[in-house]
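Going by my numbering, the first residue of the sequence shown is number 504, and it counts up by one from there.
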Amino acid sequence: MAERRHTAGAEPRRSSRLDPLDGLRDPHDPPCDVFLTGTVFLDIIFTGLDSAPVRGTESWARGMGSSPGGVANMATALARLGLRTSLAAAFGDDHYGEYCWDALEQGEGIDLSLSRTVPGWHSPVTVSMAYEGERTMVTHGHEAPHELSAPNCPPRARAAVASLVPGRSEGWIADAARSGARVFADVGWDDTGRWDLAGLPDLEHCEAFLPNAAEAMAYTRTDCPRAAARALAEKVPLAVVTLGPEGAYAVDGGTGETADVPAIEVEALDPTGAGDVFVAGFVTGTLAGWPLADRLAFAGLTAALSVQEFGGSLSAPGWAEIAGWWEKVRTLAHQDPSALRRYTFLTGLLPGAARTWPLRRAVPTLGFRHPV
504 MAERRHTAGA EPRRSSRLDP LDGLRDPHDP PCDVFLTGTV FLDIIFTGLD
554 SAPVRGTESW ARGMGSSPGG VANMATALAR LGLRTSLAAA FGDDHYGEYC
604 WDALEQGEGI DLSLSRTVPG WHSPVTVSMA YEGERTMVTH GHEAPHELSA
654 PNCPPRARAA VASLVPGRSE GWIADAARSG ARVFADVGWD DTGRWDLAGL
704 PDLEHCEAFL PNAAEAMAYT RTDCPRAAAR ALAEKVPLAV VTLGPEGAYA
754 VDGGTGETAD VPAIEVEALD PTGAGDVFVA GFVTGTLAGW PLADRLAFAG
804 LTAALSVQEF GGSLSAPGWA EIAGWWEKVR TLAHQDPSAL RRYTFLTGLL
854 PGAARTWPLR RAVPTLGFRH PV
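The following block contains the structure:
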């Protein structure tokens, strides 16, 4: 195990000049807003393919990007929304690991003081090919030593984001909750087919649970995602069920409050990381103390903006993108006034000088060398 030294040079780039917690901060606050842990992949995304690759032939892509993926999608989304984000992860000691580390620490300003470089372990890699509105992914990697994947003692934080795994308990989640962190959790597909809430023991430590509709209905044995959310709210203080193109529905188990917010219609190029961006937006609004419906609307907006770009962490929007969208959408003809009113809470929040929408993102890649 080796600790990575900080790279000398420019200060970390903060993609957001807006602090969503401005006015709420106190000198006695935890050092970070959100803590999370997990596996970082190197994502390589090929775009501009006319069709699916055909066996025995060579396909040329008109575009390519590379970026940290996996848990880095969530960490990047949180950091771009202005939250002080701490990530504990294992990084390979290869060039891919070095690139991912520098992209997260120097490029996004994410705290990696709890992350480690593992000698002799190579970075997991995912290659994604986007074509005909679909994507195909190929992944290679080996699990890092488990003792390096999560810290024995998580840092004090306002919140923590956990990805629950059926049949497995992670000690750091209970520790984070005991130290005062508000734990937000999502969950992956249950390959065992059991779909048993009792198989998610860490759910008892969570303030909010954010499954998608299929997962929520499977866990609650219901045939309606809204009924599933109401059932989940009996198990966790706040249940949020994402409904894909229909938006999201939330139930506060303590107050009985519900919120049902439709999705924004967009041309989706790549859904990679959209769920992570949704959670990041919801966490941001929750820590800022916004009403439940505003939190849902903001999370859905950030996810909608992300699917209009290729890649996972590449597509996570910052406040400039959100401000650009809000400025542009209000000038478009035939907008539904009631739909626009759903987002008026943004007016007093966003930075003033928005750049022209749509914005063009930098698409990073590996290995450009600068002349000495």
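For glycine and all other residues, C-beta sits at the position ideal for the given N, C-alpha and C.
Since the model is a prediction, treat every value here as computed from it, not as a measurement.
CB contact flag (residue i, residue j, <8 Å)
i, j, result
"Thr642", "Asp614", "no"
"Gly573", "Phe544", "yes"
"Ala823", "Leu524", "no"
"Gly803", "Phe781", "yes"
"Ala842", "Leu799", "no"
"Thr579", "Ser809", "no"
"Asp522", "Gly610", "no"
"Ala680", "Phe712", "no"
"Thr540", "Trp675", "yes"
Three-state class that DSSP yields for residue i in the structure shown
i, result
"Thr723", "helix"
"Val866", "With a pLDDT of 48 at Val866, under the threshold of 50, the predicted position of this residue should be treated as unreliable, and no value is reported."
"Ser562", "coil"
"Cys709", "coil"
"Gly612", "coil"
"Ala647", "coil"
"Asn655", "coil"
"Val769", "coil"
"Pro820", "coil"
"Leu843", "helix"
"Val543", "strand"
"Thr620", "strand"
"Arg516", "Note that Arg516 scores a pLDDT of 43, beneath 50, so its modelled location is shaky; the value from the coordinates is reported in the next line. If DSSP states are grouped into helix, strand and coil, Arg516 belongs with coil."
Distance, residue j Cα to residue i Cα
i, j, result
"His837", "Leu746", "25 Å"
"Ala647", "Glu673", "16 Å"
"Arg661", "Thr629", "32 Å"
"Arg697", "Asp546", "31 Å"
"Thr758", "Pro657", "30 Å"
"Glu737", "Gly600", "42 Å"
"Trp604", "Thr725", "42 Å"
"Ala606", "Leu849", "29 Å"
"Arg733", "Val743", "9 Å"
"Asp699", "Glu707", "14 Å"
"Val764", "Thr560", "46 Å"
"Asp597", "Ser666", "26 Å"
"Arg528", "Ser626", "37 Å"
"Glu830", "Ala677", "42 Å"
"Ala719", "Gly612", "34 Å"
Extent of the continuous alpha helix (DSSP H) run through residue i
i, result
"Arg733", "728-735"
"Ser809", "795-809"
"Asp761", "Strictly speaking, residue 761 in this sequence is Thr, with Asp absent from that position. Careful: Thr761 lies outside any alpha helix (DSSP H), inside the beta strand (DSSP E) at 761-764."
"Leu524", "Counting along the chain, Leu524 falls outside any alpha helix (DSSP H), and DSSP gives it neither H nor E."
"Asp536", "It is not in any alpha helix (DSSP H) - Asp536 instead sits in the beta strand (DSSP E) that spans 535-540."
"Ala592", "Where Ala592 is concerned, there is no enclosing alpha helix (DSSP H), given that its DSSP letter is neither H nor E."
Close-in-space but distant-in-sequence residues of the same chain around residue i (CB under 6 Å, 5 per side omitted)
i, result
"Ser682", "Arg659"
"Gly691", "none"
"Gly756", "Ala736, Pro740"
"Ala716", "Pro728, Val744, Leu746"
"Arg845", "Ala800"
"Gly644", "Pro627"
Residue interval of the beta strand (DSSP E) (run including residue i)
i, result
"Ala751", "751-755"
"Gly600", "Counting along the chain, Gly600 falls outside any beta strand (DSSP E), though it belongs to the alpha helix (DSSP H) covering 598-605."
"Ala742", "741-745"
"Leu667", "660-667"
"Asp693", "That residue, Asp693, is in no beta strand (DSSP E); it is neither H nor E in DSSP."
Residues of its chain near residue i, where Cβ-Cβ distance is below 8 Å and the 5 sequence neighbours each way are ignored
i, result
"Glu635", "Ser554, Ala555"
"Met640", "Thr629, Val630, Ser631, Met632"
is_contact[residue i, chain D] using C-beta, thresh 8 Å
i, result
"Leu524", "The question asks about chain D, but that chain is absent: this structure has only one protein chain."
Cβ-based neighbour list, residue i, same chain, cut-off 7 Å, excluding 5 preceding and 5 following
i, result
"Ala766", "Pro748, Glu749, Gly750, Gly803, Ala807"
"Leu795", "Ala753, Asp755, Glu760, Ala762"
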